[in-house]
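Worksheet: one structure, shown below.
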Amino acid sequence: CREDQELKALSKDLVKNIISRNNQYMLPFSFWGDPEPQDRNSMYEMRSYVLKPGTMIEWGNNWARGINYRKRTAVAGFFSQIGQLYMVHHIWTYKDLLSRKEIREAAWRKPGWDECVAYTVPLIREMRSRWLRPCSFSPIK
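Position one of the sequence shown corresponds to residue 1 (full-length UniProt numbering), numbered consecutively onward.
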């Protein structure tokens, strides 16, 4: 609420420490669906990709097929509408780093996964992976 004095005071104190801030308005890929509330006691990997301009449709078409190889651990897939364009975020859930390794290795053994990767990697300009732990109030903790 804009009238919350405590929030205003906190914001005023925090703004002194902010060097930069970026906002994005993201939409979910239609084939991925919205994130479902869950309580898995899991960790999450957010893989972010900056794509070459003009390749978003090609990326989406390839991932519409590729998601079937990784559906079990898929949480969400988003693309930017406002902010840095040609930005994609995929969020995956894993019990721990060992399960991540095993699940990713299993995907490579499935016929067709390598084709998805072969078609999508050339579309990437930059990528980043972050390992995330949900906050207590998160609906996907």
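Glycine is no exception: its CB is placed at the ideal position from the N, C-alpha and C atoms.
Tell me whether residue i sits in a helix, a strand or coil according to DSSP, three-state version.
i	result
Cys1	For Cys1, the predicted model reports a pLDDT of 47, less than 50, meaning its position is unreliable; a value from the coordinates is still stated below. Coil, per DSSP.
Ala134	Note that residue 134 is Pro in the sequence shown, not Ala. Pro134 falls in the coil class under three-state DSSP.
Leu51	strand
Ser20	coil
Tyr86	coil
Arg125	strand
Among all the DSSP beta bridges, which residues are the ones paired with residue i?
i	result
Thr93	Tyr44
Phe31	For Phe31, which the question treats as bridged, DSSP gives no partner whatsoever.
Ser80	Met26
Ala9	DSSP lists no partner for Ala9.
What's the call for residue i, buried or exposed, on a 16-neighbour Cβ count within 10 Å?
i	result
Phe137	exposed
Val11	This sequence places Ser at residue 11; Val is not what is there. Flag for Ser11 reads exposed.
Ala76	buried
Trp59	buried
Can you tell me the Cβ-Cβ gap for residue i and residue j, rounded? I've got them flagged as a contact below 8 Å.
i	j	result
Cys116	Asn61	The pair is not a contact, with the Cβ atoms about 11 Å apart (cut-off 8 Å).
Ser80	Gln24	5 Å
Tyr69	Trp131	Wrong, their Cβ atoms sit about 21 Å apart, outside the cutoff.
Met43	Arg125	Not confirmed; about 27 Å, so no contact.
(request) Kindly confirm or deny that the stretch 40-57 and the stretch 75-95 touch, where touching means at least three C-beta pairs closer than 8 Å. (result) In short, these stretches touch, since the Cβ pair count reaches three.
(request) Could you tell me whether the stretch 104-116 touches the stretch 28-38, using the rule of 3 or more Cβ pairs below 8 Å? (result) no
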